[in-house]
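Q: Going by this note's numbering, 264 is the number at position 264 of the sequence shown; the sequence numbering is gapless.
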Amino acid sequence: MKNIAFIGLGVMGYPMAGHLQKAGYQVTVYNRTTVKAQQWSEEFSGAFALTPKAAVKNCEVVFCCVGNDDDVRSVILGEQGVLAGLSSNAILVDHTTASAELARELGQLMESQGFGFVDAPVSGGQAGAENGVLTVMCGGEESIFSTVSPIMDAYARFSQLMGPTGSGQLAKMVNQICFVNTVQGLAEGLNFAQKAGLDTDKLIETIAKGAAGSWQMDNRGKTMCDRSFDFGFAVDWVRKDLAMAFSEAEKIGADLTVTKQLDGYYQEVQTLGGNRWDTSSLIARLK
Ligand SMILES: NC(=O)c1ccc[n+]([C@@H]2O[C@H](COP(=O)([O-])OP(=O)(O)OC[C@H]3O[C@@H](n4cnc5c(N)ncnc54)[C@H](OP(=O)(O)O)[C@@H]3O)[C@@H](O)[C@H]2O)c1
1 MKNIAFIGLG VMGYPMAGHL QKAGYQVTVY NRTTVKAQQW SEEFSGAFAL
51 TPKAAVKNCE VVFCCVGNDD DVRSVILGEQ GVLAGLSSNA ILVDHTTASA
101 ELARELGQLM ESQGFGFVDA PVSGGQAGAE NGVLTVMCGG EESIFSTVSP
151 IMDAYARFSQ LMGPTGSGQL AKMVNQICFV NTVQGLAEGL NFAQKAGLDT
201 DKLIETIAKG AAGSWQMDNR GKTMCDRSFD FGFAVDWVRK DLAMAFSEAE
251 KIGADLTVTK QLDGYYQEVQ TLGGNRWDTS SLIARLK
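#1: Just list the residues that DSSP pairs Q160 with in beta bridges.
#2: Judging by CA-CA distance, which residue of A5, I252 and L20 is the nearest neighbour of V133?
#3: Please report the distance separating the alpha-carbon of V29 from that of D236.
#4: Would you identify the three-state DSSP class for L92, choosing helix, strand or coil?
#5: DSSP state of G116, grouped into three classes?
#6: In whole angstroms, give me the CA-to-CA distance for Q184 and L262.
#7: Is it buried or exposed for N31, if we count other Cβ within 10 angstroms and need 16 for buried?
#8: With DSSP collapsed to three states, give me the class of A212.
#9: For V269, does the three-state DSSP call read helix, strand or coil?
#10: Going by beta carbon distance, what residues of the same chain come within less than 7 Å of A249, once the five residues before and after it are set aside?
#11: Do the region 106-123 and the region 84-96 touch if we need at least three Cβ pairs shorter than 8 Å?
#12: Which of the three DSSP states is assigned to V66 in this structure?
#13: Checking 9 Å against the spacing of the C-beta atoms, do S280 and M244 come in under that value?
#14: Would the C-beta of C138 count as close to ligand 1, meaning under 8 Å from any of its heavy atoms?
#15: In the DSSP assignment, find the beta strand (DSSP E) that holds V299 and state where it starts and stops.
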């Protein structure tokens, strides 16, 4: 039985930590807003702590899932942060979608102090977290990955070690580049279909079986036709992720011309009031 800490009980972290506790691990959670940690502790019969430092005491593995680079720095490196309380040989797994640069920095720092580190952003959204079927893209050392991978099985249906530290975050950037391009194609197609007076239910049922089919079409096609955007991953978050991909693309010389255009479209969605709309809301700006 492993002692585990989970830092960050947001849309993703709350159910992920719950799966760990249900799988039989002794989980201690920390959340900045304590009432959420209390609620989690009552729901799953696990423990909660008032600081990251206190939560990680005697833990072999620490999972973290907060918002962005600054949030990770604050919960890991702060005075009351994870690093201040880690037991020797502990492993930190960061599920936050953050920069590859931060992952490399944390990886080096942790290694120099005798700790393990894996950058491990996830894909699958709120439903994936709640149903325990996330995909995890990891960067780090093989031996450390193989220690934590069976634990992540509590909430993941697939985990892959992509390469050295930072590779998980790079893989997540590719995921984001690919899916926003798919969403825009779907938005234009469905908007066209509505203007053309087609029955979109019949249309989706039909073309989803052919070469145009996608996860987005299966899961968001109908809700996009209804202009209903309350299905998880928010526009604000995807713009954060794309900004990191653009910065990485500049370093490696990768062309993201169309993806940059789509980022501009998401900015337009924000001006329509869509900061917290889900990412299928690209259709909202189409005439
Ligand atoms: N939602 C999705 O569909 C999805 C899918 C894949 C990946 N992700 C990624 O997963 C990460 C978490 O997403 P989420 O949807 O769970 O976000 P969320 O619901 O907004 O939750 C963010 C969590 O981080 C905590 N937090 C934020 N800033 C903090 C700080 N400075 N110090 C301490 N705690 C802080 C929040 O605490 P409070 O409760 O106190 O605010 C909350 O527990 C993000 O990197 C996101 O890009 C999300």
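All C-beta atoms in this analysis are idealised placements derived from N, C-alpha and C, irrespective of residue type, glycine included.
A: Taking the definition as stated:
#1: M137
#2: L20
#3: 26 Å
#4: The three-state secondary structure of L92, taken from DSSP, is strand.
#5: strand
#6: Using only the alpha carbons, I get a separation of about 8 Å.
#7: buried
#8: coil
#9: helix
#10: L256
#11: yes
#12: coil
#13: no
#14: No - ligand 1 has no heavy atom lying nearer than 8 Å to the Cβ of C138.
#15: The first residue shown for the chain is 1 and the last is 287, placing residue 299 beyond what the model contains.
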